[in-house]
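Take 1012 as the starting number for the sequence shown in the numbering used here and just add one per residue. Notes to accompany the following structure.
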Amino acid sequence: MARDRTSNTPRSRRASLADTAEVDAILRHFRLEEVPSHLLRRAHFKAEEIFASTFAGEGVTPRQKAALILLYQDPGLSQNALAERLAMDRNTVAEMVKRMHRAGLLERSPSPADARAYQLYVTPAGMEVLRRVMPRDVIVEDQLLARLPEEYRALFVKCLRLIAEAE
(Lines of atoms letter the chains of each structure in order from A and count residues from 1; the text may use other names and numbers.)
(Lines give C-alpha, C1' and ligand atoms only; values in the text may rest on other atoms or scores of the structure.)
Protein backbone atom coordinates (compact mmCIF):
# COMPACT_ATOMS: atom_id res chain seq x y z
CA MET A 1 0.00 0.00 0.00
CA ALA A 2 1.43 3.39 -0.99
CA ARG A 3 2.20 5.83 1.82
CA ASP A 4 0.88 9.33 1.73
CA ARG A 5 4.10 11.32 1.64
CA THR A 6 2.44 14.64 2.45
CA SER A 7 1.01 13.53 5.80
CA ASN A 8 4.38 13.25 7.54
CA THR A 9 6.13 16.41 6.40
CA PRO A 10 7.29 19.03 8.92
CA ARG A 11 4.62 21.38 7.57
CA SER A 12 1.80 18.83 8.00
CA ARG A 13 3.05 17.92 11.50
CA ARG A 14 2.98 21.65 12.48
CA ALA A 15 -0.53 21.99 11.07
CA SER A 16 -1.56 18.88 12.95
CA LEU A 17 -0.07 20.23 16.19
CA ALA A 18 -1.83 23.56 15.66
CA ASP A 19 -5.10 21.75 15.08
CA THR A 20 -4.50 19.66 18.20
CA ALA A 21 -3.77 22.75 20.29
CA GLU A 22 -6.89 24.44 18.97
CA VAL A 23 -9.02 21.38 19.68
CA ASP A 24 -7.48 21.04 23.15
CA ALA A 25 -8.37 24.67 23.89
CA ILE A 26 -11.93 24.12 22.72
CA LEU A 27 -12.27 20.93 24.76
CA ARG A 28 -10.95 22.53 27.96
CA HIS A 29 -13.86 24.99 27.94
CA PHE A 30 -16.51 22.80 26.34
CA ARG A 31 -19.61 22.16 28.47
CA LEU A 32 -21.81 19.42 27.06
CA GLU A 33 -24.57 20.37 29.49
CA GLU A 34 -24.87 23.71 27.66
CA VAL A 35 -25.07 22.34 24.10
CA PRO A 36 -28.62 22.75 22.71
CA SER A 37 -28.47 19.66 20.46
CA HIS A 38 -27.36 17.49 23.38
CA LEU A 39 -30.07 18.92 25.63
CA LEU A 40 -32.75 18.43 22.96
CA ARG A 41 -31.69 14.80 22.55
CA ARG A 42 -31.88 14.26 26.32
CA ALA A 43 -35.28 15.98 26.47
CA HIS A 44 -36.47 13.73 23.63
CA PHE A 45 -35.37 10.63 25.55
CA LYS A 46 -37.17 11.94 28.65
CA ALA A 47 -40.36 12.49 26.61
CA GLU A 48 -40.11 8.94 25.20
CA GLU A 49 -39.61 7.54 28.70
CA ILE A 50 -42.66 9.40 30.06
CA PHE A 51 -44.75 8.29 27.05
CA ALA A 52 -43.69 4.66 27.51
CA SER A 53 -44.54 4.62 31.21
CA THR A 54 -47.87 6.42 30.71
CA PHE A 55 -49.03 4.28 27.80
CA ALA A 56 -47.44 0.94 28.72
CA GLY A 57 -49.53 -1.89 27.36
CA GLU A 58 -51.44 0.27 24.87
CA GLY A 59 -49.42 -1.03 21.93
CA VAL A 60 -48.94 2.38 20.35
CA THR A 61 -45.80 4.44 19.86
CA PRO A 62 -45.63 8.25 20.02
CA ARG A 63 -45.36 8.39 16.21
CA GLN A 64 -48.29 6.04 15.73
CA LYS A 65 -50.39 8.13 18.10
CA ALA A 66 -49.42 11.27 16.17
CA ALA A 67 -50.33 9.53 12.89
CA LEU A 68 -53.73 8.49 14.25
CA ILE A 69 -54.40 12.06 15.42
CA LEU A 70 -53.46 13.53 12.03
CA LEU A 71 -55.57 10.97 10.17
CA TYR A 72 -58.52 11.63 12.47
CA GLN A 73 -58.18 15.36 11.78
CA ASP A 74 -57.56 14.92 8.05
CA PRO A 75 -59.14 11.64 6.84
CA GLY A 76 -57.83 10.37 3.51
CA LEU A 77 -54.37 11.88 3.89
CA SER A 78 -51.81 10.21 1.62
CA GLN A 79 -48.77 8.39 3.04
CA ASN A 80 -46.49 11.04 1.57
CA ALA A 81 -48.53 13.86 3.11
CA LEU A 82 -48.53 12.00 6.43
CA ALA A 83 -44.74 11.64 6.27
CA GLU A 84 -44.40 15.35 5.59
CA ARG A 85 -46.76 16.33 8.42
CA LEU A 86 -44.96 13.99 10.84
CA ALA A 87 -41.55 15.24 9.62
CA MET A 88 -40.51 11.64 9.05
CA ASP A 89 -38.82 9.78 6.21
CA ARG A 90 -41.30 8.38 3.65
CA ASN A 91 -39.88 4.85 3.89
CA THR A 92 -40.14 4.89 7.68
CA VAL A 93 -43.76 6.05 7.47
CA ALA A 94 -44.53 3.38 4.86
CA GLU A 95 -43.28 0.69 7.28
CA MET A 96 -45.18 2.24 10.18
CA VAL A 97 -48.37 2.39 8.08
CA LYS A 98 -47.95 -1.31 7.16
CA ARG A 99 -47.64 -2.25 10.84
CA MET A 100 -50.62 -0.08 11.81
CA HIS A 101 -52.67 -1.56 8.97
CA ARG A 102 -51.79 -5.12 10.06
CA ALA A 103 -52.77 -4.17 13.63
CA GLY A 104 -56.12 -2.92 12.33
CA LEU A 105 -55.53 0.69 13.42
CA LEU A 106 -55.87 2.21 9.99
CA GLU A 107 -57.24 1.45 6.58
CA ARG A 108 -55.47 2.06 3.27
CA SER A 109 -57.52 2.80 0.17
CA PRO A 110 -56.14 3.42 -3.32
CA SER A 111 -56.28 7.09 -4.18
CA PRO A 112 -58.73 7.90 -6.99
CA ALA A 113 -56.41 10.74 -8.05
CA ASP A 114 -53.15 8.74 -8.11
CA ALA A 115 -53.05 4.97 -8.64
CA ARG A 116 -49.65 4.79 -6.92
CA ALA A 117 -50.86 6.50 -3.73
CA TYR A 118 -52.97 5.37 -0.80
CA GLN A 119 -55.42 7.36 1.26
CA LEU A 120 -55.32 6.56 4.95
CA TYR A 121 -58.21 6.40 7.41
CA VAL A 122 -58.48 5.63 11.13
CA THR A 123 -60.42 2.41 11.75
CA PRO A 124 -62.78 1.81 14.69
CA ALA A 125 -59.89 -0.02 16.42
CA GLY A 126 -57.67 3.03 15.84
CA MET A 127 -60.40 5.26 17.28
CA GLU A 128 -60.57 3.02 20.33
CA VAL A 129 -56.83 3.48 20.87
CA LEU A 130 -57.27 7.26 20.61
CA ARG A 131 -60.19 7.17 23.08
CA ARG A 132 -58.03 5.27 25.57
CA VAL A 133 -54.82 7.31 25.24
CA MET A 134 -55.94 10.88 24.60
CA PRO A 135 -57.34 11.55 28.09
CA ARG A 136 -53.90 10.60 29.48
CA ASP A 137 -51.97 12.67 26.94
CA VAL A 138 -52.11 15.68 29.24
CA ILE A 139 -50.25 13.60 31.86
CA VAL A 140 -47.32 13.16 29.47
CA GLU A 141 -47.16 16.88 28.68
CA ASP A 142 -47.54 17.90 32.34
CA GLN A 143 -44.76 15.53 33.43
CA LEU A 144 -42.51 16.69 30.62
CA LEU A 145 -42.97 20.37 31.46
CA ALA A 146 -43.21 19.93 35.25
CA ARG A 147 -39.75 21.38 35.94
CA LEU A 148 -40.48 24.54 33.96
CA PRO A 149 -42.13 27.47 35.71
CA GLU A 150 -45.69 27.90 34.41
CA GLU A 151 -44.85 31.25 32.80
CA TYR A 152 -42.05 29.69 30.68
CA ARG A 153 -44.05 26.80 29.22
CA ALA A 154 -45.71 28.59 26.30
CA LEU A 155 -42.41 30.28 25.41
CA PHE A 156 -40.61 26.93 25.57
CA VAL A 157 -43.10 25.37 23.16
CA LYS A 158 -42.81 28.41 20.87
CA CYS A 159 -39.00 28.09 20.85
CA LEU A 160 -39.23 24.36 20.06
CA ARG A 161 -41.60 25.13 17.20
CA LEU A 162 -39.15 27.71 15.80
CA ILE A 163 -36.33 25.17 15.91
CA ALA A 164 -38.45 22.34 14.48
CA GLU A 165 -39.77 24.46 11.62
CA ALA A 166 -36.41 25.96 10.65
CA GLU A 167 -35.52 25.24 7.04
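Glycine included, each C-beta is placed from N, C-alpha and C at the ideal position. Being a predicted model, the structure only gives us computed values, none of them experimental.
Start and end of the beta strand (DSSP E) containing S1122?
No beta strand (DSSP E) holds S1122; DSSP gives it neither H nor E.
Taking the CB atoms as reference points, tell me whether V1104 and Q1090 lie closer together than 9 Å.
Their beta carbons are under 9 Å apart, which means V1104 touches Q1090 by this criterion.
Below 8 Å CB to CB, which residues in the same chain sit around F1167 once its five sequence neighbours on both sides are set aside?
L1156, L1159
Should N1163 go down as buried or exposed, given a rule of 16 or more other Cβ atoms within 10 Å for buried?
Per the sequence shown, the amino acid found at residue 1163 is Tyr instead of Asn. Its Cβ having fewer than 16 others within 10 Å, Y1163 is exposed.
Hey, could you find the ends of the beta strand (DSSP E) V1133 is sitting in?
1129 to 1133
From P1135 to L1116, what does the alpha carbon distance come to, in whole angstroms?
7 Å
Could you check which residue in P1086, E1161, Q1075, R1110 has the C-alpha nearest to that of L1097?
Q1075
Distance, Cα to Cα, R1101 vs V1108?
10 Å
Close Cβ partners of E1069 (< 8 Å) along its chain, the five nearest in sequence each way excluded:
V1140, R1143, V1144
Once the 5 residues before and after F1062 are set aside, which same chain residues still bring their CB inside 6 Å of it?
P1073, V1151
Can you tell me the Cα-Cα spacing of H1040 and T1065, whole angstroms?
39 Å
Among A1077, E1161, P1123, F1056, which one has its Cα closest to the Cα of D1148?
A1077
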